[in-house]
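Contents: one structure, followed by commentary.
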Amino acid sequence: MNLGAMIDLGVPAEILISGLNSLNLEGWKLEITKEQRHGIFGTMVTVRTGETEDHHDHGLDHHHDHPHDHDSDHHHDHHHGSPEKLDHIAHDMYLHGNKDEIHHHPHRNLKDIEEIINGSGLNANVREIALKIFRKIGEAEATVHNKSLYEIHFHEVGAIDSIIDIVGAAISFDYLRPEKIYFSDIELGGGTVKCAHGILPVPAPATSLILKGLPVHHGGVNFEATTPTGAAILATIGERIPSDLRYSVASTGYGIGHKENPSLPNMVRVYLAETDDKNATAHNAILVECNVDDMNPELVDYITGRLLGCGIPDVCFIPVVMKKTRPAFIIRVICEESHLPMVREILFTESTTLGLRVIPFMKETLQREFVDITTKYGTITVKKSWFDGRLVTVKPEADQCAAIAASLGIPMKEVIREAINCAS
């Protein structure tokens with residue numbers, strides 16, 4: 036349902052299809068239609084492949100009563116949204132993938148998925164988001180099956196339709212470029228689900244691991260309401276909506292699920308919203324710290340990678356001298372409250388610390404926006420920041436500047452200077 040909600044919100048289907056075609060996968064089609072559940076109209080996306088004849092709905096199957104009271108609300112907090120991105124979507128569309136030929140694919144592992152995505156024509160941001168989502172699923176499956184990350188094989192999630200769902204989500208988020216993505220409590224559903232390993236209780240084991248530390252409830256419906264794919268999308272790109280967040284809605288999208296449910300409409304609702312100016316620069320955050328003086332420094336890179344891979348925005352290791360003049364580190368992590376269980380687990384199991392300092396605090400940030408600018412060296416993504424309505428910083432993406440400098444044989448600082456001049 037996520038792809039339906041994204042298109043309904045304003046992501047052009049042509050942009051989505053163009054990006055998906057660059058994966059060079061054969062044997063898939065997208066069927067995009069306007070449907071209704073309990074009188075509420077939205078967009079339904081069906082991924083049709085030769086791997087199964089069933090409808091595919093691997094997204095966020097949240098089922099709720101009334102659109103203004105109980106929908107699963109996903110808020111895209113975009114401070115400088117572009118109205119042209121919210122164009123009306125045609126009521127019925129039928130779009131095709133690369134080929135009409137149908138092929139049967141073996142189960143794929145994470146390396147196969149990485150090769151597909153890295154070998155595509157997708158931009159770096161889309162590839163990064165998609166790979167993070169797949170890696171989160173892979174880590175959960177590896178834990179469930181007691182295997183290494185690259186040893187496990189994706190079953191349902193390795194199928195073409197799930198690849199389309201996940202990469203499509205990454206394309207959509209890259210197009211909208213929200214500053215923050217929030218979600219409400221996640222409905223898990225109930226009953227059992229049939230998968231490659233047999234019939235299992237809802238939620239599936241991987242779903243439970245992926246959603247660890249996030250707000251959930253279950254029993255709203257008697258079927259699987261959140262799949263591992265939907266759970267991984269939420270856990271990778273979003274966080275729980277703060278209770279005191281004030282915002283104004285710019286656009287609303289409804290993604291329609293394939294299952295008909297007599298009591299609750301099977302759909303997900305998504306907002307594109309802007310926060311009120313009063314709250315745009317400040318929000319509650321958590322500081323987690325510990326001192327370690329007996330840890331192998333070779334672990335620093337690994338621990339940092341694990342934390343950043345879980346969506347933690349700020350991780351640093353500060354060298355200090357402790358008692359007995361021992362060289363040591365202060366491990367400092369800044370995260371949202373929803374990330375705290377994962378931060379605790381990583382630091383206690385991966386580092387040598389015996390304790391943590393957990394400090395709630397108010398974090399103030401500048402309003403920010405990512406824009407693609409055209410320079411004489413090519414297109415470069417630039418981050419602009421505002422204070423009190425005034426543009427105060429312009430920062431080009433360093434990786435892009437480095438790649439351009441290397442390819443042209445010119446100093447990187449010249450590329451940066453050109454990007455800033457064009458963006459200012």
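For any residue, its number in the numbering used here is found by taking its place in the sequence shown, counting from 1, and adding 35.
We treat Cβ as the ideally placed atom computed from N, Cα and C, and that holds for glycine.
- With contact defined as three or more Cβ pairs closer than 8 Å, the stretch 370-385 and the stretch 315-329 are in contact.
- The bridge partners DSSP lists for residue 413 are 410.
- In the DSSP assignment, residue 349 falls within the beta strand (DSSP E) that extends over 349-356.
- In the three-state reduction of the DSSP assignment, residue 386 falls in the coil class, being assigned neither a helical nor a strand state.
- In the structure shown, residue 256 adopts coil according to DSSP, grouped into three states.
- With contacts defined by Cβ atoms closer than 9 Å, residue 393 and residue 364 do not form a contacting pair.
- As far as DSSP is concerned, residue 435 takes part in no beta bridge.
- With at least 16 other beta carbons inside 10 angstroms of its own, residue 267 counts as buried.
- The secondary-structure analysis by DSSP pairs residue 280 with nothing; it has no beta-bridge partner.
- With contact defined as three or more Cβ pairs closer than 8 Å, the stretch 298-313 and the stretch 277-286 are in contact.
- Look at residue 219 here: in three-state DSSP terms it is coil, with no helix or strand label.
- Residue 184 is not a Cβ neighbour of residue 194, given a cutoff of 9 Å.
- CA-to-CA, the gap between residue 179 and residue 241 works out to about 7 Å.
- In the displayed model, residue 65 falls within a strand according to three-state DSSP.
- Three or more Cβ pairs drawn from the stretch 254-270 and the stretch 207-224 lie within less than 8 Å of each other, which places the two stretches in contact.
- Boundaries of the beta strand (DSSP E) harbouring residue 318: 317-327, taken from the DSSP string.
- The bridge partners DSSP lists for residue 211 come to none.
- In the structure shown, residue 289 adopts extended strand secondary structure according to DSSP, grouped into three states.
- Boundaries for residue 370: no alpha helix (DSSP H) harbours it, while the beta strand (DSSP E) harbouring it runs 362-370, taken from the DSSP string.
- Rounded to whole angstroms, the Cβ separation of residue 208 and residue 291 is 20 Å, and the two are not in contact under 8 Å.
- Comparing C-alpha distances from residue 409 to each of 453, 397 and 246 shows the shortest one belongs to 453.
- Per DSSP, reduced to three states, the secondary structure at residue 262 is coil, with no helix or strand assignment.
- The C-beta separation of residue 219 from residue 276 comes to about 6 Å, placing the pair in contact by the 8 Å criterion.
- Taking a 10 Å sphere around the C-beta of residue 174, we find 16 or more other C-beta atoms and assign the residue as buried.
- In this structure the stretch 201-215 touches the stretch 158-171; the number of beta carbon pairs closer than 8 Å is three or more.
- Excluding sequence positions up to five before and after residue 301, its CB lies within less than 6 Å of the CB of 72, 98, 292 and 294, all in the same chain and listed in chain order.
- In the structure shown, the three-state DSSP call for residue 418 is strand.
- Inter-residue distance for residue 397 and residue 181 is about 40 Å (C-alpha atoms, whole angstroms).
- In the three-state reduction of the DSSP assignment, residue 227 falls in the strand class, which pools E and B.
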